[in-house]
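So that you can map any letter, position 142 of the sequence shown is 253 in my numbering, and since no number is skipped, the others follow by simple counting.
Worksheet: one structure, shown below.
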Amino acid sequence: MKKNNDDLIDEFSIKYFIGRFKEFFNFLIILKSHVFYMSISILFFIISYNYLIPPLYYAQTSFVLDNDNSDGMGELSSIASLAGINPSSFIDASSLFQIDNIQDLYRSDAMLKKTLLSQGVFNKKENLLINRLGEIEKKINKWNSNNITFDNNLNLNRAQDSIIKEAIKKIREKNLLVSKPSRKTTILNISFNHKNEEFAKIFNEKLVTNVNDFYIKSKSFKTGLNLNVLQKESDSIRLVLNNSIQILAALDEGLPNSNPLLKTLRTPYQKAMVDVQANTAIFQELVKQLELAKVSHRNSTPLIQVIDSPVFPLENSKWKLSETLLYGLTLGLFLSVIFHLIFSLLKKI
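Printed below as a string of structure tokens:
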């Protein structure tokens, strides 16, 4: 008996859904003209929006950062051990920046400000990026009316700083995107979007150049200083050694056939010999330190290899005609059917 009841319920459910589907199909047939015209209207609106509203252009640079110098440090330690030198005296093992910190560096006020105050070529004319941004955003007239102009002078006044700060805030919130494809990789994607294609490309390139140059200089700053100091000391000791050799040679010429029993006559010569030997030992040690410092400096300089860079024409937010027709008709049909369904239900209430 229970089995028969279940069969009746299943049969009733199937008939119910079939009946509802027929009602819905008949509903569409009755209102097909309304649905059609409404779908066409929505499609026309979407096409107008897609082609009348200025699109956003996307400029993206991808690069890989090699910040692992463990192999170089191992090689350097081996060389130092053979030379009898403690490598800890010149190796800076601290990591000033990591890949995650570079993302914040790209969003920093200092780097964005430096980029906005950089020169770029727009329409075959050089101009500051901040001035070009003002022209695009139609703010340059307002700035000029308030006697606010930007030039190559980096000493900005209060009004100029205020404009720069406002531009940085907008860029950080709406235009700039710094991302990593994966947490396990050292690849960074720097994306910048703007309604002006030329400005988007130039700003992206300038920002990447400024940040990467700053990063490389910061990473190798200490080892570079150490290398310069050792180079100067080595050059100085070389001059002292050459001078002491000259003095030794002159004293040797002054004693062509000296009596070996007269020790006092050879005292200046012996002192000069000691100076030459001491300066030679110091110079040899400095040369070792200098070569090790060069290796350390090379290893501390990160390798940044650009994978992709923005090229014209840039990708933009505008749909292709085929995509616009497909999305517009689908959305128009869906919205028109939903609208008429809700309208018919409200009439029955």
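Don't be surprised by glycine CBs; every beta carbon is placed ideally from N, CA and C.
> Nearest to D211 by CA position, among S290, N257, P424, is which residue?
Replying inline: S290
>> Rounded to whole angstroms, what is the Cα-Cα separation between A360 and T334?
In response: 38 Å
> Closest by CA to L154, which one among I449, L442, N427?
Replying inline: L442
> Should Y217 be labelled buried (16 or more other beta-carbon atoms within 10 Å of its own) or exposed?
Replying inline: buried
>> Checking 9 Å against the spacing of the C-beta atoms, do L440 and S150 come in under that value?
In response: yes
> Would you report the Cα separation of L207 and S329, rounded to the nearest angstrom?
Replying inline: Residue placement at L207 is poorly supported in this model, since its pLDDT is 40, which falls under 50; the coordinates still yield a value, given next. In a straight line, the C-alpha of L207 is about 8 Å away from that of S329.
> Using DSSP with H/G/I as helix, E/B as strand and the rest coil, what is K281?
Replying inline: helix
> Thinking C-beta only, is N427 closer than 9 Å to P166?
Replying inline: yes
> Taking contact to mean at least 3 C-beta pairs separated by less than 8 Å, is the stretch 314–328 in contact with the stretch 336–354?
Replying inline: no
> Would a C-beta distance cut-off of 9 Å place I299 and F147 closer than the cut-off?
Replying inline: The residue you asked about is not Ile; residue 299 is Leu in the sequence shown. For L299 and F147, no; Cβs fall outside 9 Å.
> How many angstroms separate the CA atom of P292 from the CA atom of V417?
Replying inline: 15 Å
> Where DSSP assigns a beta bridge to S290, which residues make up the other side?
Replying inline: N300
> Where does F454 land, buried or exposed, given buried means 16+ other C-beta within 10 angstroms?
Replying inline: exposed
> Taking just the CA atoms, how far does D272 sit from K461?
Replying inline: This structure gives no information on residue 461, because the portion of the chain shown stretches from 112 to 460.
> Distance, Cα to Cα, Y162 vs K306?
Replying inline: 13 Å
> Can you tell me whether DSSP reads E248 as helix, strand or coil?
Replying inline: coil
>> If contact is defined by three or more beta carbon pairs under 8 Å, each pair taking one atom from either stretch, is the stretch 335–342 in contact with the stretch 398–412?
In response: yes
>> Can you tell me which residues form a DSSP beta bridge with Q171?
In response: S302
>> Starting from I418, trace the beta strand (DSSP E) in both directions and tell me its first and last residue.
In response: 414–419
> Would the stretch 386–400 and the stretch 273–283 be scored as touching if the rule is three or more Cβ pairs under 8 Å?
Replying inline: no
>> In this structure, how does DSSP classify L318 when only helix, strand and coil are distinguished?
In response: helix
>> I need the straight-line Cα distance from L437 to L444, nearest angstrom please.
In response: 11 Å
> Taking Cβ positions, are T435 and I247 nearer each other than 9 Å?
Replying inline: no
>> In whole angstroms, give me the CA-to-CA distance for P379 and S355.
In response: 12 Å
> How about I274 and I301: are their beta carbons less than 9 Å apart?
Replying inline: no
> CA-CA distance, K250 and N234?
Replying inline: 19 Å
> By the 10 Å Cβ neighbour count, where 16 or more other Cβ atoms means buried, how is F261 classified, buried or exposed?
Replying inline: buried
>> Looking at K317: is its Cβ nearer than 9 Å to the Cβ of S229?
In response: yes
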